[in-house]
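Asks: Whatever position you read off the sequence shown (first residue = 1), add 1288 for my numbering.
A virtual CB, placed ideally from N, CA and C, is assigned to each residue, including glycine.
Owing to the predicted nature of the structure, the values given are computational and were not obtained by experimental measurement.
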Amino acid sequence: METSLVFIALVLYCSSATLVTCSTAAGFRMELTHVDAKRGYTAAERVQRAMATSRQRLASFADVTAPVHWNTSQYIAEYLIGTPPQRAEALIDTGSDLIWTQCSTCLQGRGSSCVKQGLPLYNASKSGTFHPVSCNDTLCLANQEHSCAKDGSCAFAAFYGAGDAAGSIGTEVFTFQNGSGTLTFGCVNDLSITEGSLDGSSGLIGLGRGPLSLVSQTRATKFSYCHTPYLRSNATTGASSHLFVGAAASLSGSSPVMSMSFVEGPKEYPFYYVPLVGITVGNTRLSIPPAVFALNKTGDGGVIVDSGSPTTALVDEAYLPLREELKRQLNDSLVPPPAGSGMDLCVALAQEKTVPSMVFHFSGGADMVLPPENYWAPVDDSTSCMVMDNSSGFSIIGNFQLQNKHMLYDLAKNQLSFQTADCSSL
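1. Please go through the stretch 1668-1694 and give each complete beta strand (DSSP E) segment of 3 or more residues, from N-terminal end onward.
2. In the stretch 1374-1461, which residue ranges form an unbroken beta strand (DSSP E) of at least 3 residues, counting only runs that do not cross its ends?
3. Tell me Ile1576's beta-bridge partners as DSSP assigns them.
4. So the candidates are Ala1709, Ser1468, Tyr1561 and Val1623; which of them puts its Cα closest to the Cα of Gly1496?
5. Taking the alpha helix (DSSP H) that Val1503 belongs to, which residues open and close that run?
6. Applying the criterion that 16 or more other CB atoms from any shown protein chain within 10 Å of the CB defines a buried residue, is Gln1707 buried or exposed?
7. Just to check my reading of the structure: Ile1457 and Cys1436 have Cβ atoms closer than 8 Å, yes? What is that Cβ distance to the nearest angstrom?
8. Any idea if Leu1696 is buried or exposed, counting beta-carbon neighbours within 10 angstroms, 16 or more meaning buried?
9. To the nearest angstrom, how far is it from the Cα of Pro1420 to the Cα of Leu1407?
10. Compute the Euclidean distance between the alpha carbons of Met1631 and Thr1600, then round it to the nearest angstrom.
11. Within its chain, find whatever has a CB closer than 8 Å to the CB of Thr1353; leave out the 5 residues flanking it on each side and keep chain order.
12. I'd like to check one pair, Ala1378 with Leu1471: are the Cβ atoms closer than 7 Å?
13. In or out: Pro1598 buried (at least 16 other Cβ within 10 Å) or exposed?
14. Is the beta carbon of Tyr1513 less than 7 Å from the beta carbon of Gln1691?
15. Is Glu1366 helix, strand or coil when you go by DSSP?
16. Between Asn1678 and Asp1604, how many whole angstroms is the CB-CB distance? I'm expecting something under 8 Å.
17. Less than 6 Å between C-beta atoms, sequence neighbours within five positions excluded: which residues of the same chain meet that for Pro1499?
18. How would you call Ala1579, buried or exposed, if buried means at least 16 neighbouring beta carbons within 10 angstroms?
19. Quick check on DSSP: helix, strand or coil for Met1629?
20. Shortest alpha-carbon distance to Arg1375 belongs to which of Ser1384, Val1403 and Tyr1410?
21. Could you tell me which residues DSSP puts in a beta bridge with Cys1634?
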C-alpha cells in the first residue's frame, strides 16, 4: 500500500537578536516524507516496522548519560545547505536538540565510521557561506561535549546508545521550501551508529529543549504539530501532516482543548516530560499508582511525548495491568499473533470493532481519548494487533497514538495542550 506524503510547514519568526538570520518574514517551510514512503511497504509491514524501530529506540537508552532519539525517527525533511546550495535530508525529532549533517570529511567504507546516505555528502569547502565556530565561542560552549581543535575551531562529540558522533561546529545557510536562515550545526566527520539508524538521510534536525535545537536557535516560544492517520485506509487521500513553529502555532476548531503543565526534567536532557497519572480501558480505570509514571529526584522514570518515536511504550508496571485488562475485555476475540511478528495481543481482522477505546489521564484533568485505530492496527491480511509495547525505566508516548491529535507546545507557559482534530484540514 502506497504511503501518503507527510508535509510539514515551519513558520519561524526571527529577529536580529536570535541565533538565526531569516531571509524572509514568512520563515521556513519544509516538506517531509515518511522513511517508508519510497519503499512500497504494505500497511501491515509498516506497523511491524514501527514496532521494531520503537524497540530499537528503547534499546538505545541503556546506560546513556544523555539519551538521543534520532536513531529511528519517522520523518525525513529535504532541504538545501550552503551557497551554492547542496541537497540534504534530515530526520526531525523533538527528543533531540543538535542540528547536524554528515560532511565530506567523513570517509565512508574501508573501516570508516560514517554511514551510507542517499545524497552526496555536504562539502563545506564548496560553500561560500560556511563559517567555522571558534572553540571559545558561546555557540561552541552550548554543546555538552566540546573541545578545541588544533586550528582553534570548535570540535564536538556526542555519545549515544545507538553510537557516537563527532565533528566540528559551524554556521551555514539552510534553505527550506519558502525561506532560509543561518543556523549553527554540527559538521560530522566521524559517525559510528547502529545500522539503519539514519534511514539513508544525511543527519538530524532537533526540536528539543537544548540550546542548539531549531526551536531554541530561533527563540520560538511555541510550536505545534498534527499527524494525519498512519495508515492510508484511515486517512483522507492526499492528506498532509503539519508542524508550525512560532506565532502560527495555535489550536482552533470546535473540539475541547486539554492542557497540562510540563514536568520539569533533568536539564541535560532535551525531552518534554508530561504528567501522566492513569489509564482507562473501555469503562475500567486501571489500578496503576500515579507514582509508576513519576519522574524521581534522580532523573529516572517519567513519561515523555516524542515526535520521533513511532509507537508508545509503557513501563512494565503500567503495561502489564493494561495487557491483562485488554485480555479480560477481549476474551474470546483474541487470537495468536502471526509467527515472527513480535506482537503481543491480537484479534481477527473482522473483530477489530470489539477493541475498546483507551484514555490517558494527565494531572489537572486533561484526558486524551485514543480510539481503537490509534493503538490497534492490521499486521497481515487476517490479524489486527495492539500497537503498543512495554519498556523499562521510563515511558514514551509515540506518534501512532497521536494520530489526529493537534499538539501545542507552549514553552513560554511551560504547557502542553492538545485537541482532537482532523489533521488533514489544517
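Replies: On the basis of the data shown:
1. 1671-1674, 1676-1679 and 1683-1685
2. 1374-1381, 1388-1390, 1434-1436 and 1442-1448
3. Ile1576 pairs with nothing; no bridge assigned.
4. Tyr1561
5. Leu1502 to Gln1505
6. buried
7. In fact, because the Cβ distance is near 11 Å, the residues do not count as touching under 8 Å.
8. buried
9. 23 Å
10. 13 Å
11. Caution applies to Thr1353, whose pLDDT of 23 falls short of 50 and renders its modelled position unreliable; the model cannot decide the point.
12. no
13. buried
14. no
15. strand
16. 5 Å
17. Ala1430
18. exposed
19. First, the residue type needs correcting, since residue 1629 is Ser and not Met in the sequence shown. Ser1629 falls in the coil class under three-state DSSP.
20. Tyr1410
21. Val1623 and Cys1673
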